[in-house]
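Numbering-wise, the sequence shown is residues 25 to 535 according to my numbering.
Shown next, in structure tokens, is the structure this report addresses.
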Amino acid sequence: MNQQTIKTFLPIALALFLAGCATAPLDFPKTYSEAPTDTSDTYLAGEAARWVAGQPGESGYYPLLKGLDALGARLALIDRAERTIDAQYFLMKPDSAGRLFAGKLLEAADRGVRIRLLLDDIFTTVEDDGLILLNQHPNIELRLFNPIGRGGLYYLSYVGHFKLANRRMHNKSITVDNQISIVGGRNIADEYFELLGHTEFVDFDMLAVGPVTADISTTFDRFWNHELSVPMEAFETGKQLADLETVRANVNKDVREASRSIYGRALQSPLMREIREDKIDLYSGSSRVITDDPDKLLNRVSDDQKILVTELAKIVAEAKSDVVVITPYFIPGKRGVEFWRSITAKGVRVVILTNSLATNNHVPVHSAYARYRHDMIDAGVELYEVRVDASRPPEGETGPGYDSLTLHTKAVFIDRRMTFVGSLNLDPRSIDINTESGVFIDSGPLAAKLTSKLFEVLPTFAYRVTENEKGKLKWTVRIDGMDVVEDKEPQAGGWLGFKAWLFRAAPESQL
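Quick look at the structure:
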């Protein structure tokens, strides 16, 4: 291509690129709002007061380990809402869970409940038209956080504004009547609630009752009113859409169908039975809600202002006996390796559970993590990787199970006293790029119970990664009472191994 041709076509190519790079409407006007300060006259306020009675100043917690429990709890809270629902999620899909969630929100709005729904834009696959229709309800206000421009080609807009578009709101919470919250790792999609049938995301939420909910609401308000939070009205195109009554009829049909299957199963979960029979036993304890500043997405915070991971590191550094980390995506980097070495050097036991190559739904992350396994073992860390078939029934037996699973839990247990649960992965994307949130709970009985439960299942649930006498990695797991040892990435296969090798060149800082 000669110089004259380049001069001719370069301006055209640049113009086309810029035309595809639509700018997000960040200056669209919006109304400031906050969570209500007094909802003591609501049904959930009465339940919350009863559940934490006798524990002044402390909050109550119930771990949601099963997907159906987590779904049932969300839907039951929405059904009981009288004043407000504030929900903040990284993604929402138009699948069974998403439609049921939206349907229940619409029912609550029809009862007069004020609903604020804040979604990150990048992986929310519900079409704009559906969100716009939901937003037309007078009691529903929906905003997208850090949205991608819609006027051009979506992916060109992403590339054209990469520095900002690459930074995402990864927070996850729902708070009802400012009395009861659910925080943790689950988004709104089938895979998080045991609804796919063949694949399970092993995840973890915490139902929280008491003073902690006011702190969760405060962090929601900070994101809701931030300059990157854009009202759904900004994305209306003037296109003729179905009216709200048609949407309501369709949603009601979805809810009725789901009530006979999904919702029905969720309402029959062990947690829902305990609540109905007034047998729910909450763990009490003091807590702190820690959330990254939304300005982190605008690159306005320095390394020492990465609030959540900094606070977690401080608490871990004070550990006296043991630290148990569950993280689906783990890339320690050289600094992380030395941090964990400093912890084990004090005689503290460190156990880290993460995905194996076979269970990791983000292969590039595994490729980056794999280069640190020898270093982590040398640092004295007990390293475990999840079995892809850990939830299948034993051979010859029947029962609930899944063909494969992926670990999605984000939790840390310290000295069997402190529990952290939230959205934070221990990788560069969570630490340096996205915003994250979580709750630190000081409750010995809760942390001890969850730690003991993990150690009970760990030998059969995951491979212990160690080195053989030649310094090569080996993976050991207990199956039918016998230790089985593998000398290569277990259950992965050649194609997956090739992809992992291929992605070794991916930039670690973006994973």
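Idealized CB from N, CA, C, for every residue including glycine.
From a predicted model like this one, the values you see are computed outputs, not experimental measurements.
DSSP places R502 within a strand segment (E or B) once states are collapsed to three. Under the 10 Å beta carbon count, Q112 is surrounded by 16 or more other beta carbons and is classified as buried. Of T315, V372, E362 and A290, the smallest CA-CA separation from D399 is found for E362. Here H222 is exposed, its C-beta having fewer than 16 other C-beta atoms within 10 Å. Taken in chain order, the unbroken stretches of beta strand (DSSP E) that lie wholly in the segment 446-476 and span 3 residues or more are 461-466. The three-state secondary structure of A486, taken from DSSP, is strand. In this structure, E131 is the residue among I146, D145 and E131 with its C-alpha nearest to the C-alpha of I139. Given a length threshold of 3 residues, each whole run of the beta strand (DSSP E) inside the segment 307-375 is given here in chain order: 307-315 and 346-350. Taking all protein chains shown into account, T55 has fewer than 16 neighbouring C-beta atoms within 10 Å of its C-beta and is therefore exposed. A distance of 9 Å or more separates the beta carbons of F169 and L129. As a beta-bridge residue in DSSP terms, M230 pairs with P87 and V207. Secondary-structure assignment with DSSP links P255 through a beta bridge to R167. Exposure of Y67 is indicated by the presence of fewer than 16 other C-beta atoms within 10 angstroms of its C-beta. Inclusion of R411 and Q515 in the CB contact set at 9 Å is warranted, their separation being smaller than that value.
Within the DSSP bridge table, the entry for D399 names no partner. Listed in chain order, the non-local C-beta contacts of M296 below 8 Å within the same chain comprise D93, G96, A97, A100 and A290, local neighbours out to five positions each way being set aside. Across the structure, F217 and F225 are spaced so that their CA atoms are roughly 8 Å apart. Here R440 carries a coil assignment [DSSP, helix/strand/coil]. When DSSP states are grouped into helix, strand and coil, Y216 belongs to the helix group.
Residue nearest to L497 within the set P483, Y408 and F114 is Y408 (criterion: CA-CA distance). When rounded, the separation of the alpha-carbon atoms in G462 and T315 is 6 Å. Boundaries of the alpha helix (DSSP H) around Y393: V387 to A394. In the DSSP annotation of this structure, R135 is not part of any alpha helix (DSSP H), being labelled neither H nor E. Secondary structure note for I198: its beta strand (DSSP E) is the uninterrupted segment S197 to V200. Between the C-alpha atoms of P294 and P118 there is a straight-line separation of about 27 Å.
By the Cβ test, the segment 388-396 is not in contact with the segment 433-441, since fewer than three Cβ pairs between them sit closer than 8 Å.
In the structure shown, Q534 falls within a helical segment according to DSSP collapsed to helix, strand and coil. Counting every other CB atom within 10 Å of its CB across the protein chains shown gives N276 a total below 16, marking it as exposed. In this model, E269 and M116 are separated by some 22 Å (Cα to Cα).
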